[in-house]
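Colleague: Got a structure for you, written out below as structure tokens; questions coming shortly.
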Amino acid sequence: DIVMTQSPDSLAVSLGERATINCKSSRSVLYSSNNKNYLAWYQQKPGQPPKLLIYWASTRESGVPDRFSGSGSGTDFTLTISSLQAADVAVYYCQQYYATPWTFGQGTKVEMK
Amino acid sequence: EVQLVQSGAEVKKPGESLKISCKASGYNFADYWIGWVRQMPGKGLEWMGIIYPGDSDTRYSPSFQGQVTISADKSINTAYLQWSSLQASDTAMYFCARPQEYNLPFDYWGQGTLVTVSS
């Protein structure tokens, strides 16, 4: 299995400040034939199912605010919230869909400072 | 509009069997993979497996292979997750979810089914 490791486990950010979450995979999720990283980011709020934010490491899902951005390639990825809003308080997960089982990171809890 | 509607919460005893469901609407059910994800209380997401209803091709995570059975009935647009003998450690929220294609992440999710196993 590809192991996904997120850091930090939690972070507290002031309103309007930047939040950065890292995700590292145990092996590359870059598919050389199409040069795409099979990496997604989800947001989960309490009592709700996860919501897809980003796929192909950096493509925002339709309707996702542009303060959310993804970057990285190969084994190292980052989700950035450029200006944290109250609605962004949630747990964020990365997931690789390069190879089954499509493993998730352990999650990063983002709170308001 | 794509919708995945899951069956209601269940309370079971250890050793009992269970089958939970995920009814799809708003798209051609047979043409899209549908998967299951476990979330134990206060924990993260675990990918359990995925099925293609068109031909019942099923892929399991090694962690869940032999522990659960994933199936689908395309005549009623419904996917299933079942256990033959529940354990207390199966207590969790279970989500069904659908990717746009096999090698894409889940973009539609059910609301979740809470399974509680307790003597």
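The listed protein sequences derive, respectively, from chains L and D. Numbers given in this note's numbering equal positions in the first sequence, counted from 1, plus 1324. Numbers given in this note's numbering equal positions in the second sequence, counted from 1, plus 1. The C-beta atom is built at its ideal place from N, Cα and C for all residues, glycine as well.
For the region 1351-1380 of chain L, list every residue whose C-beta sits within 7 Å of some C-beta in chain D, in sequence order.
Modeller: The residues in question are TYR1362, ALA1364, PRO1373, PRO1374, LEU1376 and TYR1379.
Colleague: Please compile the residues from chain D whose C-beta is within a distance smaller than 9 Å of the C-beta of L/PHE1428.
Modeller: Ordered by position in chain D, the residues that pass the 9 Å Cβ test against L/PHE1428 are VAL38, GLY45, LEU46, GLU47 and TRP48.
Colleague: Name the residue from D/ALA31, D/THR70 and D/ASN29 whose alpha carbon lies nearest to the alpha carbon of D/LEU87.
Modeller: Of the candidates D/ALA31, D/THR70 and D/ASN29, the one whose C-alpha sits nearest the C-alpha of D/LEU87 is D/THR70.
Colleague: Which class does D/SER90 belong to by DSSP, given the choice of helix, strand or coil?
Modeller: Note: D/SER90 maps to helix in three-state DSSP.
Colleague: For L/GLY1398 and L/LEU1377, what's the separation of their Cα atoms in angstroms?
Modeller: Rounded to whole angstroms, L/GLY1398 to L/LEU1377 spans 19 Å at the Cα level.
Colleague: Return no unless some Cβ of chain L is closer than 8 Å to the Cβ of D/ASP91.
Modeller: D/ASP91 does not count as touching chain L.
Colleague: Pick from L/TYR1421, L/GLU1435 and L/GLN1430: whose alpha carbon is nearest that of D/SER62?
Modeller: Closest by alpha carbon: L/TYR1421.
Colleague: Does DSSP put L/ALA1410 in a helix, a strand or coil?
Modeller: If DSSP states are grouped into helix, strand and coil, L/ALA1410 belongs with the helices.
Colleague: In terms of alpha-carbon separation, which member of L/GLY1387, L/SER1406, L/MET1328 and L/LEU1354 lies closest to L/VAL1337?
Modeller: Looking at the Cα atoms, L/SER1406 is the closest of the given residues.
Colleague: Unbroken beta strand (DSSP E) runs of length 3 or more, entirely within the region 1368-1398 of chain L: which are they?
Modeller: Counting whole runs of 3 or more residues, the region 1368-1398 of chain L contains the beta strand (DSSP E) stretches 1375-1379 and 1392-1397.
Colleague: Assess, as a yes-or-no matter, whether the region 25-35 of chain D is touched by the region 90-110 of chain D under the definition of 3 or more beta carbon pairs within less than 8 Å.
Modeller: The region 90-110 of chain D vs the region 25-35 of chain D: in contact.
Colleague: State yes or no: is the beta carbon of L/CYS1435 nearer than 8 Å to at least one beta carbon in chain D?
Modeller: The sequence given here places Glu at residue 1435 of chain L; Cys does not occur at that position. With 8 Å as the cut-off, L/GLU1435 does not count as an interface residue toward chain D.
Colleague: Give me the subset of the region 1393-1426 of chain L whose CB atoms are less than 7 Å from a CB atom of chain D, sorted by chain position.
Modeller: From the region 1393-1426 of chain L, only TYR1417, GLN1419, TYR1421, THR1424, PRO1425 and TRP1426 have a Cβ closer than 7 Å to chain D.
Colleague: With DSSP as the reference, identify every bridge partner of D/ASP108, one or two as the case may be.
Modeller: DSSP output for D/ASP108 lists no bridge partner at all.
Colleague: I want to see whether chain D comes within less than 8 Å of L/LYS1431, judged by CB atoms only; does it?
Modeller: Just to set this straight, residue 1431 of chain L is Gly in the shown sequence, not Lys. So yes, L/GLY1431 belongs to the interface.
Colleague: Let me check one thing: in DSSP terms, what residues is L/THR1404 bridge-paired to?
Modeller: Looking at the DSSP assignment, L/THR1404 forms a beta bridge with L/THR1344 and L/SER1393.
Colleague: Using a cut-off of 8 Å between C-beta atoms, extract the partners of D/PRO63 located in chain L.
Modeller: Going along chain L in sequence order, the residues near D/PRO63 (Cβ under 8 Å) are ASP1325 and PRO1425.
Colleague: Could you pull out every residue in the same chain whose Cβ sits closer than 7 Å to the Cβ of L/LYS1437, ignoring the five residues on either side in sequence?
Modeller: The answer, listed in chain order, is ALA1336, VAL1337 and SER1338.
Colleague: Label L/TYR1366 either buried or exposed according to how many other C-beta atoms from any shown protein chain fall within 10 Å of its C-beta, with 16 as the threshold for buried.
Modeller: By the 10 Å Cβ count, L/TYR1366 comes out buried.
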